[in-house]
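Colleague: Chains as they are written, first to last, in my numbering: chain V, 204 to 285; chain S, 204 to 285.
1. How far does the beta strand (DSSP E) with residue 251 of chain V in it reach, from first residue to last?
2. Counting contacts by CB-CB distance shorter than 8 Å, is residue 225 of chain S in contact with chain V?
3. Mapping DSSP to helix, strand and coil, what is residue 218 of chain S?
4. Taking the DSSP output, what are the residues bridged to residue 279 of chain V?
5. Are the CB atoms of residue 277 of chain S and residue 222 of chain S within a distance shorter than 8 Å?
6. So residue 272 of chain V is in the alpha helix (DSSP H); what residue range does that whole segment cover?
7. Among S:251, S:265, S:214, S:242, which residue has its Cα nearest to the Cα of residue 259 of chain V?
8. Going by alpha carbons, who is nearest to residue 256 of chain S out of V:231, V:275, V:267, V:284?
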């Protein structure tokens, strides 16, 4: 998609996960709830965030992840195209 | 990865997004915060969840999404391999 001033607008996707070894309480809660619903054989549930956005300059995305989108102390992020 | 009883254990990923037209307050907050950090030209920010898990029977995953992982009233889910 081109903008009126001619810059390209890119749709990007960022996957954010709790770092390995960091406790993931949401994941634990889901894992414990599944057997009560009849779902067995599920393990290692990890819950992160999915961020999708449009931006003019994809080169900014890594800095955006470091400064706002992810918490680099406890989360890893992965930038994927779309 | 095979389990002791011989069943295969599959790693799966589920992407969950707010449905189109549903207000996404997290996304709005991020979109409004970015310019204050010097990031411009960003629009249509949508924030969802990323769920990764291991399970014996991938055929159960859709039912798990409908009943626990996603809220089908306001969220779409996409099951992807890994």
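Positions of the beta carbon are idealized from the N, C-alpha and C atoms, including for glycine.
Here the structure is a predicted model, which is why all the values come from computation and not from measurement.
Modeller: Per the coordinate set shown:
1. For the purposes of this step, residue 251 of chain V is taken as the residue at position 48 of the first chain. Counting along the chain, the beta strand (DSSP E) containing residue 251 of chain V begins and ends at 245 to 258.
2. Working through the second chain from its first residue, we reach residue 225 of chain S at position 22. Not an interface residue.
3. By one-based count along the second chain, residue 218 of chain S stands at place 15. Residue 218 of chain S falls in the strand class under three-state DSSP.
4. Stepping through the first chain from its first residue, residue 279 of chain V is reached at position 76. Bridge partners of residue 279 of chain V: V:220.
5. By one-based count along the second chain, residue 222 of chain S stands at place 19. By one-based count along the second chain, residue 277 of chain S stands at place 74. Yes, they are a contact pair.
6. Against the first chain, residue 272 of chain V aligns to sequence position 69. Careful: residue 272 of chain V lies outside any alpha helix (DSSP H) and carries neither H nor E.
7. Working through the first chain from its first residue, we reach residue 259 of chain V at position 56. That would be S:242, whose Cα lies nearest to the Cα of residue 259 of chain V.
8. Translated into positions along the second chain, residue 256 of chain S becomes position 53. Checked all of V:231, V:275, V:267, V:284; the closest Cα to residue 256 of chain S is V:231.
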